[in-house]
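Structure first, then comments.
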Amino acid sequence: MKREIPIIITFLTGVLCVVAFFVPHPPLGGLQQRFLIWYAILAGFTMILGLDSLVKYNVKKIRQRKQGWQYSYVLLFGLVLVLVTGFQSWFKYDTPFELRSAFMYTYIHMIVPLQATMFALLAFFISSAAYRAFRARTFEATLLLVAAAIVMLGRVPVGKMIWDQLPVFSDWLLNIPQLAAKRGIQIGVYLGGVVMSLRIILGIERTYLT
Amino acid sequence: MNVLVVTLLVSVLVVYYIRRAHAGDKLFVRKIAGLDAIDDAVGRSTEMGRPILYSFGLGYLNEVWTIASLSILHRVAQKCAEYSTRLLVPQYDPLVMSAAQETVKQAYSEKGRPDLYDERDIAFLTADQFGYAAGVDGMVLREKPGAVFWQGYFYAESLILAETGHSVGAIQIAGTTSVEQVPFFVVACDYTLIGEEMYAASCYLRPEPQMLGSLKGEDFTKAIILVFLIFGTFLGTLDVLLQHLFNVDSLHVLFLNIVQWFNTF
Amino acid sequence: MRLFDRLANIDRRIIYLAVGLVVAIPIVLKLKMPIRISSEVRSAYETIENLPEGSVVLASIDYDATSAPELTPMFRSFLRQCFRKKLKVIYTGHLAIGLPLAQFDLDLITQECNAVYGEDYINLGYRPGYTAVMIGIGREIRDFFAVDYKGVPVDNFPIMKDVHNYSDIALIVDFAHGQTAEYWIQYVVSRFGVRMFACVTGVMAPSLYPYLQSGQTTGIIGGLQGAAEYETLVGHPDTAAFGMPAQSMAHLLILAFIVFGNIGYFLSRRKK
Chain A
185 MKREIPIIIT FLTGVLCVVA FFVPHPPLGG LQQRFLIWYA ILAGFTMILG
235 LDSLVKYNVK KIRQRKQGWQ YSYVLLFGLV LVLVTGFQSW FKYDTPFELR
285 SAFMYTYIHM IVPLQATMFA LLAFFISSAA YRAFRARTFE ATLLLVAAAI
335 VMLGRVPVGK MIWDQLPVFS DWLLNIPQLA AKRGIQIGVY LGGVVMSLRI
385 ILGIERTYLT
Chain B
116 MNVLVVTLLV SVLVVYYIRR AHAGDKLFVR KIAGLDAIDD AVGRSTEMGR
166 PILYSFGLGY LNEVWTIASL SILHRVAQKC AEYSTRLLVP QYDPLVMSAA
216 QETVKQAYSE KGRPDLYDER DIAFLTADQF GYAAGVDGMV LREKPGAVFW
266 QGYFYAESLI LAETGHSVGA IQIAGTTSVE QVPFFVVACD YTLIGEEMYA
316 ASCYLRPEPQ MLGSLKGEDF TKAIILVFLI FGTFLGTLDV LLQHLFNVDS
366 LHVLFLNIVQ WFNTF
Chain C
3 MRLFDRLANI DRRIIYLAVG LVVAIPIVLK LKMPIRISSE VRSAYETIEN
53 LPEGSVVLAS IDYDATSAPE LTPMFRSFLR QCFRKKLKVI YTGHLAIGLP
103 LAQFDLDLIT QECNAVYGED YINLGYRPGY TAVMIGIGRE IRDFFAVDYK
153 GVPVDNFPIM KDVHNYSDIA LIVDFAHGQT AEYWIQYVVS RFGVRMFACV
203 TGVMAPSLYP YLQSGQTTGI IGGLQGAAEY ETLVGHPDTA AFGMPAQSMA
253 HLLILAFIVF GNIGYFLSRR KK
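Protein chains in written order, with the numbering used here: chain A, 185 to 394; chain B, 116 to 380; chain C, 3 to 274.
See the structure below:
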């Protein structure tokens, strides 16, 4: 029964949600709303799972002095700092999002710059990857290179300065050939997703079970 | 109404082809290079004495691509158990972590090597996008895996991850339904599963009748949609030509009505 | 090493240095460039312009600091336009780490525009559940947002008096760095028929063009260019417009490197 019960639950909730999409009236609509609320509550609690795993993993890393164990101290310190400042700000201002709070100070002066730095790396990675990969080895690669050049120039003001029709051509590339290809791939992806969902609801796909 | 029609159509076709597969019909599935390369990738890592890294990207367990990725992980874990190769699976989401742990444990048990399973190798890193990217990059640079699997949903961090994998000389097999990130993976990785090839993975790796039948049903639905697309394109093009060349708009009303029916619910 | 071999194998550190300089110099020199307005951004702008006074707009904050340079200018311009048009803004999000960032901008612009909390705008905060929340609001918003971000019951605020579900909301604007915009379209727009447009990062914008063409989104504001266009339309050029020269120079530099790389590649091949 350990495998059968989750499959039955999956089937019943899946069918209910699909039917409720077409028949939103009571009792189906209300039942679906109840399930959605339960899901939202459960989703919040999954953070506790993650917190447990994160702390256990890093504490073991420190105990066993694995490579980079010192950074686990930094991680645990950061975890405690954000938790403490969050609760302190919550008790003091009724919300941690008050601009004067310690939590927001930590967020604006530590988390934001760190996240922005990581994303900024992308500019450099893209430059080196583009330089390495955009070689006109074949006809298709040349086509890709030319299209990329047109769109890159057309999407910035300097493109219009070079040739005033370049943005128009860039828009055409985005709205016609790019869109056609993307639409084709997306239809395949979403259809695959529908069939995959059907397999999960019918209990054919059970990889998510233990 | 149109959504109901398509939903019923897909369901009927899938069930029909599953029954045909059960009845013994042979259903053809074309070769998917990325999936065939799994065994080679794991073997290569074993020979080099390096671990394997598997990433789900930024997916959650309620998303179908994550479930598709679990089937691929199952296969990779089985191979790792056979060759006694270490498997690292850094996680972005706690629920996915639990599912991944169970998948790997089950795969190792199936191959008679439950002793190889180490829960710490499938650990939660962070639920922050670039924190996760930084953590995985760090793992790649420290552990220097021989093979890396990027199987799931990725966002802007995809190129950072793939470039880091490339820099340590790992063989990289990517698979994503994120159409925007496919070009980055194609550029930086050795094999890429594009879009629905990921969904076909569970059918490809476990060619059971119901799996192959559902894949066939999906393909047939796609063929029907293709017929509608061609018909609609032909009708629309003819309508524009007739209007511009001969000033005839009799097809225009028909075309608009068809589009309206597809647009309304 | 011959010149063309060097051209085909430029050290990545030189590329990184060049990119760094080319981005920094225009910003330091405060260069300016004219901004061309695209049809999809104009369409998004006019969607708000055409809303009657007092209409309720739901803003969903689904980005964080990584995408802030692109999305913060869009969000600020959106708030300026909404408060100028005297629209009511309900503000929520599906990314817990992004809401504090937008809170910062919200406080800045509401002070600038003299907007009153609870009357002109309200912050409902974050709820886990993602698509469950999106679908659930379609029935009753109070099932998920009974209180605002400070824990005050939403019924205490005049702005929420007649707002129960999507039929009371004139427009949804999603500020997303990921797939959330597509989820809004798939789960909300197609099911409940409410209008929306998306403000997304440059890399996500192309994936929304199919929805723009089919009318499921009324506009797309994509990337720093889109943000600059939107700022120009709202009449308040800010960080996005000032960032365009840097982006332009960076694009030119990347193209130059690609050209050098190809020249080196072809000359090397010919030599062999």
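C-beta: ideal position from N, C-alpha, C; glycine also.
Note that the coordinates shown come from a computational prediction; the quantities given were computed from them, not determined experimentally.
Contact list for residue i against chain A, beta-carbon separation under 8 Å
i	result
L119/B	F206
R257/B	Q251 and G252
L210/B	T230 and L233
Listed by chain order, chain A residues near residue i by CB distance under 7 Å
i	result
K152/C	D278 and T279
I137/C	L220
E333/B	L375, G376 and V379
A134/C	L220, Y223 and A224
Where residue i meets chain B, residues with beta-carbon distance less than 7 Å
i	result
A313/A	L274, E278, V302 and A303
G180/C	Y270
M206/C	E295
I371/A	I340
Residue-chain proximity (residue i, chain A), Cβ-Cβ < 8 Å
i	result
G164/B	no
L150/B	no
S45/C	no
G310/B	yes
Q325/B	yes
G263/C	yes
K337/B	yes
L33/C	no
V91/C	no
Expected contact under 8 Å - CB spacing of residue i and residue j to nearest Å
i	j	result
G290/B	T279/B	Wrong, their Cβ atoms sit about 18 Å apart, outside the cutoff.
P36/C	T241/C	That belief does not hold up - the Cβ atoms of P36/C and T241/C are roughly 17 Å apart, past 8 Å.
E333/B	G376/A	6 Å
P130/C	G270/A	About 16 Å separates the two Cβ atoms, so there is no contact after all.
D170/C	V58/C	6 Å
F370/B	G351/B	6 Å
N83/C	V236/C	The residue you asked about is not Asn; residue 83/C is Gln in the sequence shown. Indeed, because the Cβ distance is near 5 Å, the residues count as touching under 8 Å.
Amino acids of chain C, ordered along the chain, whose beta-carbon sits closer than 7 Å to that of residue i
i	result
Q244/B	T68
G228/A	P130
P351/A	R38
R339/A	Q227
Residues that residue i contacts on chain C, provided the C-beta gap is smaller than 8 Å
i	result
A331/A	Those do not exist, as A331/A stays about 12 Å from chain C at its closest Cβ, beyond 8 Å.
V296/A	A67, A70 and L103
8 Å Cβ cutoff, residue i in contact with chain C
i	result
A271/B	yes
F380/B	Only weak support is given to the placement of F380/B: the predicted model assigns it a pLDDT of 48, under 50, and the value that follows is read from those uncertain coordinates. At least one chain C Cβ lies under 8 Å of F380/B.
D355/A	yes
R383/A	no
G406/A	With chain A running from 185 to 394 in the structure shown, residue 406/A is simply not present.
R319/A	yes
Interface partners of residue i on chain A, CB under 9 Å
i	result
Y211/C	L358, N359, Q362, L363, K366 and R367
V156/C	Residues of chain A passing the Cβ test: none, with the nearest at roughly 15 Å.
Bridge-paired residues (DSSP) for residue i
i	result
L60/C	I92/C and I174/C
R335/C	Because chain C is modelled from 3 through 274, residue 335/C falls outside the range shown and cannot be assessed.
C201/C	F177/C and I223/C
P155/C	V149/C
Chain B residues whose Cβ lies nearer than 8 Å to that of residue i
i	result
I99/C	D243
is_contact[residue i, chain B] using C-beta, thresh 8 Å
i	result
I246/A	no
Y241/A	yes
Listed by chain order, chain C residues near residue i by CB distance under 9 Å
i	result
F271/A	The premise fails here: F271/A is roughly 14 Å from chain C at the closest Cβ pair, so nothing lies under 9 Å.
Exercise for the section: Evaluate contact between the region 96 to 104 of chain C and the region 258 to 271 of chain C, counting only Cβ atoms and requiring at least three cross-stretch pairs below 8 Å. Expected result: no
task: Please determine if the region 159 to 177 of chain C and the region 253 to 269 of chain A are in contact, where contact requires at least 3 C-beta pairs separated by less than 8 Å.
output: no
At a cut of 8 Å, does the region 269 to 289 of chain B reach the region 251 to 261 of chain B through at least three beta carbon pairs? yes
| task | Could you say if the region 114 to 131 of chain C and the region 203 to 212 of chain A meet the contact criterion of at least three C-beta pairs nearer than 8 Å? | result | no
Problem - Segment contact, 8 Å Cβ cut-off, at least three pairs: the region 79 to 93 of chain C with the region 223 to 243 of chain B - result: no
Would you call the region 162 to 175 of chain B and the region 365 to 379 of chain B touching, i.e. three or more CB-CB distances under 8 Å?
no
Margin query: So, does the region 136 to 143 of chain B touch the region 214 to 228 of chain A, judging by three or more C-beta pairs under 8 Å?
Written below: no
- Query: Okay, do the region 184 to 200 of chain B and the region 155 to 165 of chain B touch, 3+ Cβ pairs below 8 Å being the bar?
  - Reply: yes
Contact between the region 211 to 225 of chain C and the region 30 to 44 of chain C (3+ Cβ pairs under 8 Å)
Yes, they touch.
query = Should the region 242 to 250 of chain A be called in touch with the region 63 to 74 of chain C, which here means at least 3 C-beta pairs below 8 Å?
reply = Contact between the region 242 to 250 of chain A and the region 63 to 74 of chain C is absent, because fewer than three Cβ pairs lie under 8 Å.
Inspect the CB distances between the region 255 to 264 of chain C and the region 321 to 340 of chain A and report whether three or more fall short of 8 Å. yes
When you compare the region 176 to 185 of chain B with the region 312 to 326 of chain B, are there three or more beta-carbon pairs, one atom per stretch, that lie closer than 8 Å? yes
Under 8 Å: do the region 17 to 35 of chain C and the region 129 to 148 of chain C share three or more Cβ pairs, one atom per stretch?
no
Counting pairs of Cβ atoms below 8 Å between the region 223 to 239 of chain A and the region 203 to 216 of chain B, do you hit three or more?
Below 8 Å, enough C-beta pairs join the region 223 to 239 of chain A and the region 203 to 216 of chain B to call them touching: three or more.
Report task. May I ask you to verify whether the region 101 to 115 of chain C touches the region 201 to 210 of chain A, counting CB pairs closer than 8 Å and requiring at least 3? Result -> no
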